Amino acid sequence: MNGWTGKILDIDLSDATVKTYELDMEMARLFLGGRGLGARLLWDAVGPAIEPLSPDNVLIFATGPLTATGYQTSNRFSVTTKSPLTGTILDANSGGFWGMQFKKAGYDALVVRGRAERPVYVEITPNGVTIEDAKHLWGARVGAVTEQLGQNDNRRNVLCIGPAGENLSRMAAIMNDGRRSLARGGPGAVMGRKNLKAIVVEGKERPGIQDHEGFRFLLYESRKMLRTSPLTSQALPEFGTAVVMNLINHIGALPTRNFQQSQFEGAEAISGEALTEKYLVKNASCWACPIGCTRISRTQKVEGEGPEYETTWAFGAQCGVDDLAAIIEANHLCNELGLDTISTGSTIGCAMELTERGLLDSDLRFGRADMLAPAIEALAYRRDLGDDLADGSLRLATKYGAPELSMSVKGLEMPAYDPRGMQGQGLLYATSNRGACHMRGNMLGLEVLGLPKRIDRFQVQGKSSYVILHQNIAAAIDSLVVCKFTHMAVGEEYFARVLSAVSGVEFSTGDLVRAGERVWNLERMYNLREGFTRSDDTLPSRLLREPLADGPSKGWVNELEPMLAEYYRARGWDRQGVPTQDKLKELELEEIVNSQQSTVNSQ
Amino acid sequence: MARVTLYGGLRRHVSAPMQQLDSVTMRDAELQAALFENDRPRPHVRVLVNGRNLEWMRGLDTPLEQDHQVAIFPPIAGGTP
Amino acid sequence: MDERIIQQFLEVGRDLFEADLVSSHGGNISVRLGDRVVIKRRGAMLGRLKPHDLVETGLAKNDSGVALASTELLIHRTIYLSTPALAVIHAHPRTAIAYSLSRDEIVPIDNEASYLLKKIPVVSEEVPSGTKEMAETLANALGAYKIVMLRGHGSFAIGQTLDEAFHWTSTLEEACEIALKAKLIGETFIEYRGMSEGYKKW
Chain A
6 MNGWTGKILD
16 IDLSDATVKT
26 YELDMEMARL
36 FLGGRGLGAR
46 LLWDAVGPAI
56 EPLSPDNVLI
66 FATGPLTATG
76 YQTSNRFSVT
86 TKSPLTGTIL
96 DANSGGFWGM
106 QFKKAGYDAL
116 VVRGRAERPV
126 YVEITPNGVT
136 IEDAKHLWGA
146 RVGAVTEQLG
156 QNDNRRNVLC
166 IGPAGENLSR
176 MAAIMNDGRR
186 SLARGGPGAV
196 MGRKNLKAIV
206 VEGKERPGIQ
216 DHEGFRFLLY
226 ESRKMLRTSP
236 LTSQALPEFG
246 TAVVMNLINH
256 IGALPTRNFQ
266 QSQFEGAEAI
276 SGEALTEKYL
286 VKNASCWACP
296 IGCTRISRTQ
306 KVEGEGPEYE
316 TTWAFGAQCG
326 VDDLAAIIEA
336 NHLCNELGLD
346 TISTGSTIGC
356 AMELTERGLL
366 DSDLRFGRAD
376 MLAPAIEALA
386 YRRDLGDDLA
396 DGSLRLATKY
406 GAPELSMSVK
416 GLEMPAYDPR
426 GMQGQGLLYA
436 TSNRGACHMR
446 GNMLGLEVLG
456 LPKRIDRFQV
466 QGKSSYVILH
476 QNIAAAIDSL
486 VVCKFTHMAV
496 GEEYFARVLS
506 AVSGVEFSTG
516 DLVRAGERVW
526 NLERMYNLRE
536 GFTRSDDTLP
546 SRLLREPLAD
556 GPSKGWVNEL
566 EPMLAEYYRA
576 RGWDRQGVPT
586 QDKLKELELE
596 EIVNSQQSTV
606 NSQ
Chain B
5 MARVTLYGGL
15 RRHVSAPMQQ
25 LDSVTMRDAE
35 LQAALFENDR
45 PRPHVRVLVN
55 GRNLEWMRGL
65 DTPLEQDHQV
75 AIFPPIAGGT
85 P
Chain C
1472 MDERIIQQFL
1482 EVGRDLFEAD
1492 LVSSHGGNIS
1502 VRLGDRVVIK
1512 RRGAMLGRLK
1522 PHDLVETGLA
1532 KNDSGVALAS
1542 TELLIHRTIY
1552 LSTPALAVIH
1562 AHPRTAIAYS
1572 LSRDEIVPID
1582 NEASYLLKKI
1592 PVVSEEVPSG
1602 TKEMAETLAN
1612 ALGAYKIVML
1622 RGHGSFAIGQ
1632 TLDEAFHWTS
1642 TLEEACEIAL
1652 KAKLIGETFI
1662 EYRGMSEGYK
1672 KW
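Shown next, in the form of structure tokens:
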């Protein structure tokens, strides 16, 4: 069967053993790859007894059946682990070149276990897999590490952590070729705990394709759609993701000063339009991507990739900062230190509110653009207050007596959309398995951009259906793996057909979405096994009880309760949010969940 | 007078990014270049009046009142992949 | 019921009638809301829907509304339970029905439908209304296609919204009218689409 290489690479750093074994093809059919395969492998590998920052936690890097095939945006891959920030199952994914390269090295997934005695890096090339000494790289920043390990015009690609990962910041990212990231939920800290500084890959052979003619037709049709859609052919290339800033501000859903307001007077100054006009050097793109949303920007001090919308918001509106150059520099610093920009910016914003309310003694105050860089540095090295910041906003706010000021769900900081102005977004955040996340379902498209049209952002009844469908589709896309921006122009039915053409196994659109539903439910079972309950499917009290005072979303809170009850029923879960046995059986999860649960319990 | 603001690439179609609009509806001649191309609405162009989509109001016949904030957006896509 | 949901039913119902896609009392539309389904009342006219013509009932289980619901509720429920659909439109597009009488699939030759639909399968049943087998055959076909023809009867389209399912329905009928007119003109077809063999294999 094509689509999968059929091989999993398994490295135990504790005793430096390297093993290769076969991928169970039934597992591949059920969970595809990427996020789905990662969840399935993590289910067996990491039970409730293992702490996220224990050496026994594992990192699972996984590509999907479409990775490296050459289908548009087939460059992505994911990492799955238990999150040091949230304690939930975590997957983070990234584009660029590394995933393509790793698949071409001949593997579907890489499992990293244990802990090396001294800092090491792993090298995977056509000549074999080696574990190398990384003493000379420990402490180095991301750009320098990437350069030293020889990123060679994308013939050799580098994943690494920066100082933040080494210092076990719970929001540490794994950096991808020095400028992209697998960021949310702190996978960089898990890598740091393992004393693993970097993973370098060189690939060789492109994976095979079963039905070449069918595949070529799908490439042709998808290219047409990506070219025809103004979203993928104009909006993303011309202004990048930050172009949504003015729109979100105008509808009154731009979280400002730690979600105290929903409109920011400085939005225009930090918008995609301003970025393009003043700081853009050029666009860039990932492997096999015709969209090219990536921005390369430059200030007087730095030049680098980004910033994306979420980052611009996190250091901008969230911190009350309207200085775009300072935001670009903050983004660049996070890339160098290896940090998740959303959690970093949001946590600093939380510290600013704590300070202004007199609960914390610090210089962090809203609008202080000059404090961003020092705070980020302190956070990455856990210096002074940075030691608290590095643990995320929930632990920070709890320590200083106001946990309700952490704008997070399950401990993961919320992205740049206020759920009071986008009701479905609130349900998405509350139910997302890795904590608050905007990439688990495209509510921006549904509630604001009109894709498909006519779903009002304030509508509550029936909203769960859309959230569930988009969560399932997102889980399927993350398991294939392609970029969600492709889905703005190309429907999921194409992805199902590409999967069929590549693998030679028939997958209908329904089958593909069902696979996404299966992944979602397994992730849910994982979190339940960890002890999460219905009470964790919630939002910060500010969003549920403090109506917005001004703007187009004035008077609104998030109407979570009715949406959540409808959501559980529509998912086939009981009132406590637990998938019923019927649902597990329907999804072919019954055996996995029941047998593995007993295995874990007996350990 | 309603204040009309154009965003993104739509700014190319008018002389200044910010316009003070006199008209009582969106059917103002000056805005036609931004809203229409060859007499057809530009796809994915969004018009918001005080943050509400015109689709939920009376479309282009929505009456504009004193101090209405009108924002016209080109095709937009976003979030961080 | 949320007024925005009612508004969609009224508008799409009227549009289907005005576009000649249903007869006075023909056709049916529904949406899924969580674990509920909202469907047109039995006997109500799509072109003249009123709010009280909409019936809400359980997706899997019957409750009070079910006695009033359309006889085609079973088909709609089966489609919701086995496909990602959140809206279903059953219409009677005339030219498409005429084509369905003599073929097992409709492959459009116009640009719009080639782009959006590629190909429309035709399924057949001896007793074409309301049986469990019929519902399953249709639902199965709709797992892989956005719109399917039931031979001699009509179309079933799925989407995330009624607007979307309406889009597929009107695109199909337009494609069939174009194909019919091209046949009347009767001149040799000049292929203008790249890789057009792919449409037949879709």
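Chains as they are written, first to last, in the numbering used here: chain A, 6 to 608; chain B, 5 to 85; chain C, 1472 to 1673.
Ideal Cβ placement from N, Cα and C applies to all residues, glycine included.
Remember, predicted model here, so these are calculated numbers, not experimental data.
With H, G and I counted as helix, E and B as strand and the rest as coil, what does DSSP make of residue i?
i: Ile166 of chain A; result: coil
i: Arg7 of chain B; result: strand
i: Val605 of chain A; result: For Val605 of chain A, the predicted structure reports a pLDDT of 43, less than 50, and the residue's modelled location is therefore unreliable. A value from the coordinates is still provided. Three-state result, Val605 of chain A: helix.
i: Arg1574 of chain C; result: coil
i: Tyr284 of chain A; result: coil
i: Leu1613 of chain C; result: coil
i: Lys559 of chain A; result: coil
i: Phe77 of chain B; result: strand
i: Gly536 of chain A; result: coil
i: Arg529 of chain A; result: helix
i: Tyr620 of chain A; result: The structure shown does not extend to residue 620 of chain A, since chain A is modelled only from 6 through 608, so no value can be given for it.
i: Gly8 of chain A; result: coil
i: Tyr126 of chain A; result: strand
Closer than 8 Å, CB to CB, is residue i near chain A or not?
i: Pro67 of chain B; result: no
i: Glu1583 of chain C; result: no
i: Pro1555 of chain C; result: yes
i: Arg1475 of chain C; result: yes
i: Phe40 of chain B; result: no
i: Arg1548 of chain C; result: no
i: Lys1532 of chain C; result: no
i: Glu1438 of chain C; result: With chain C running from 1472 to 1673 in the structure shown, residue 1438 of chain C is simply not present.
i: Leu1572 of chain C; result: no
i: Lys1672 of chain C; result: yes
So, is the C-beta of residue i closer than 8 Å to a C-beta in chain B?
i: Val249 of chain A; result: yes
i: Arg459 of chain A; result: yes
i: Ile256 of chain A; result: yes
i: Pro295 of chain A; result: no
i: Gln192 of chain A; result: The identity of residue 192 of chain A in the sequence shown is Pro, whereas the question assumes Gln. With 8 Å as the cut-off, Pro192 of chain A does not count as an interface residue toward chain B.
i: Val75 of chain A; result: This sequence places Gly at residue 75 of chain A; Val is not what is there. Chain B, which has no Cβ nearer than 8 Å to the Cβ of Gly75 of chain A, makes this no.
i: Gln266 of chain A; result: no
i: Met412 of chain A; result: no
Below 8 Å on the Cβ atoms is my guess for residue i versus residue j; work out the distance and round it to an integer in Å.
i: Thr3 of chain A; j: Gly101 of chain A; result: Residue numbering for chain A in the displayed model covers 6 to 608; residue 3 of chain A lies beyond these limits and cannot be assessed.
i: Ser1 of chain A; j: Met180 of chain A; result: The displayed coordinates of chain A run from 6 to 608. Any statement about residue 1 of chain A would go beyond what the structure contains.
i: Met609 of chain A; j: Gly509 of chain A; result: The displayed coordinates of chain A run from 6 to 608. Any statement about residue 609 of chain A would go beyond what the structure contains.
i: Leu1481 of chain C; j: Leu1520 of chain C; result: 5 Å
i: Pro60 of chain A; j: Arg123 of chain A; result: Contact doesn't hold; Cβ gap of about 14 Å is too wide.
i: Lys641 of chain A; j: Lys209 of chain A; result: Residue numbering for chain A in the displayed model covers 6 to 608; residue 641 of chain A lies beyond these limits and cannot be assessed.
For the beta strand (DSSP E) holding residue i, just list the boundary residues, first then last.
i: Ala67 of chain A; result: Leu64 to Ala67
i: Pro1592 of chain C; result: Ile1591 to Val1594
i: Phe1627 of chain C; result: Gly1625 to Gly1630
i: Asn1499 of chain C; result: Asn1499 to Leu1504
i: Thr299 of chain A; result: Thr299 to Arg303
Taking the continuous alpha helix (DSSP H) assigned at residue i, which residues delimit it?
i: Thr93 of chain A; result: No alpha helix (DSSP H) contains Thr93 of chain A, which DSSP labels as neither H nor E.
i: Gly1657 of chain C; result: Gly1657 of chain C -> no alpha helix (DSSP H), and no H or E assigned at all.
i: Lys1511 of chain C; result: Run containing Lys1511 of chain C: none in the alpha helix (DSSP H); it sits in the beta strand (DSSP E), Arg1507 to Lys1511.
Does the CB of residue i have a neighbour CB from chain C at under 8 Å?
i: Val471 of chain A; result: One point to set straight first is that residue 471 of chain A is Tyr, not Val, in the sequence displayed. Yes, its Cβ sits closer than 8 Å to a Cβ of chain C.
i: Ser513 of chain A; result: yes
i: Glu122 of chain A; result: no
i: Tyr499 of chain A; result: no
i: Ala479 of chain A; result: no
i: Gln106 of chain A; result: no
i: Val518 of chain A; result: yes
i: Leu474 of chain A; result: yes
Original post:
Where are the alpha helix (DSSP H) runs, 4 residues long or more, that stay fully inside the stretch 1530–1574 of chain C, in chain order?
Top reply: 1544–1553 and 1565–1571
Original post:
Where are the alpha helix (DSSP H) runs, 4 residues long or more, that stay fully inside the stretch 159–235 of chain A, in chain order?
Top reply: Uninterrupted alpha helix (DSSP H) stretches at least 4 residues long and entirely within the stretch 159–235 of chain A occur at 168–171, 192–198 and 217–233, given in chain order.
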